[in-house]
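Sequence order for the protein chains is E and Z.
Residues in the first sequence are numbered consecutively from 795, following my numbering.
Residues in the second sequence are numbered consecutively from 1350, following my numbering.
Have a look at the structure below before the remarks.
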Amino acid sequence: STVVLVFQAPVAGSTEKDSASSEFKFSIRSGDRIRVGEAIGR
Amino acid sequence: HRAHRNFFMVSGATMATILMLGILHARRLYEDRKLKVMKEKGIEPEFSPDAKAAFLKLLPLRSISRFWGLFTGVEIPTWLRPIVYRAWARAFHSDLEEAALPLDGYKSLQEFFGRTLKDGSRPIDPDPHCLVSPVDGTVLKFGELRESAAMIDQVKGFSYSATSLLGASPFLLEDGCKDVTDMEYHEARSKDSGKRSWWRISFASPKVRLPKTACPIRGVFYCVIYLKPGDYHRVHSPVDWHVFLRRHFAGHLFPVNERATQTIRNLHIENERVVLEGQWDEGFMSMAIIGATNVGSIKLFIEPELMTNRPKRKLLQTEPPEERRYEPRGMKLKKGDEVAVFNMG
């Protein structure tokens, strides 16, 4: 079985003040084993 | 003499069958090994439809799936349960230590398969700005949808459109970044959304310069996670969000293993699935829960009466999904909440 997430999130070039910190980045790699509750992006 | 001759015929046919199965298994092992070597070299397997995929389309997969559900739903004698579940765990690398109940507490294989875990087995990442995995599994693909066609990579050399996965009538956002209340959402949905889809608006929004300090510019991201038969099969919420809409696509029930993703076109769009759509702090959020032959049923805890993997009806490929809006204010889900469970059959 498979689950697909599709979602909006801030990208680079967001608000002037803290663009770097507000840009969404994945924290996973293809092939990673992952579990419920573990971060896939921030 | 005749009995003797029959004996030789039967044993000959049996030997031929065993030999054929052996050859098929050896070929499968060889191909798996080839695939593994390619991966180790960093060569990504490409999309290559084969005769087996075409043959699968001829099989009554839904009937096979429903029979599998009946078979696994049969109650197992209490003394036999630990033996069966340990054998399953050994075959599919499941962790029995996390199961919430003692093994003999699960009446059937189906009940064991949809088991809950001991409290604390899946701690939620404490970072309030993170998006967490809704399931146990293997990350197949992830990234940002950049083109207006919003294509999701199924495998190298083949991709499918996110709008086909989620549904043909995407949500309409006029200015792409205004926080929308659920009422506005429902109003927007009631309009004829055939005009412009928010996909394009969302991609267009970087070009439409609103006051920078007004709101962040948003992109559209995706992540595909595959659950193996031995994985924990309950689906949790990846963020705090409101679910406004649920769509149920009664599609096919092809297997969704690695081989199938490389050989069956539009696999995630063809298969039976439940899509939840709504909004989180950063904008649109959706989750597609996709069934397969052995796990054909999806039970939603937020809508227990939804039935999936129904008996075979004439499936028109263009058949619109069955939709339900969660009136009046949507379903509020917290990060980590249980949302659904995959059931066998």
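A virtual CB, placed ideally from N, CA and C, is assigned to each residue, including glycine.
- By the neighbour-count criterion, in which a residue is buried when 16 or more other Cβ atoms sit within 10 angstroms of its Cβ, serine 824 (chain E) is exposed.
- Spanning the alpha carbons of glycine 1685 (chain Z) and phenylalanine 1598 (chain Z) requires a straight line of approximately 25 Å.
- Comparing alpha carbon positions, the residue from Z:Arg1495, Z:Leu1649, Z:Glu1446 and Z:Ile1574 closest to valine 1488 (chain Z) is Z:Ile1574.
- Against chain E, the CB of alanine 1438 (chain Z) has no partner CB under 8 Å away; the residue lies outside that interface.
- The Cβ of proline 1451 (chain Z) sits no closer than 8 Å to any Cβ of chain E.
- As the crow flies, the alpha-carbon of isoleucine 1367 (chain Z) is around 10 Å from that of glycine 1361 (chain Z).
- In the three-state scheme derived from DSSP, where H, G and I count as helix and E and B as strand, asparagine 1643 (chain Z) is classed as coil.
- For lysine 1383 (chain Z), no Cβ of chain E is located within less than 8 Å of the residue's own Cβ.
- Contact between phenylalanine 1462 (chain Z) and methionine 1656 (chain Z) does not hold, since the beta-carbon distance rounds to 18 Å and is not under 8 Å.
- Within the model, the alpha-carbon separation for tyrosine 1509 (chain Z) versus arginine 1596 (chain Z) is close to 18 Å.
- Of the candidates Z:Arg1411, Z:Leu1450 and Z:Phe1416, Z:Leu1450 places its Cα closest to the Cα of arginine 1430 (chain Z).
- Selection Z:Ala1400, Z:Ala1403, Z:Val1624 and Z:His1374 evaluated against tyrosine 1675 (chain Z) yields Z:Val1624 as nearest (Cα-Cα).
- Spanning the alpha carbons of valine 1690 (chain Z) and proline 1587 (chain Z) requires a straight line of approximately 15 Å.
- At least one CB of chain E lies nearer than 8 Å to the CB of valine 1644 (chain Z).
- At least one beta carbon of chain E lies nearer than 8 Å to the beta carbon of lysine 1490 (chain Z).
- Contact annotation: in the segment 1447 to 1475 of chain Z, residues whose CB is within less than 7 Å of a CB in chain E are Arg1471, Pro1472, Ile1473 and Asp1474.
- Nearest Cα to glutamate 1619 (chain Z) within the set Z:Gly1640, Z:Asp1630 and Z:Phe1650: Z:Gly1640.
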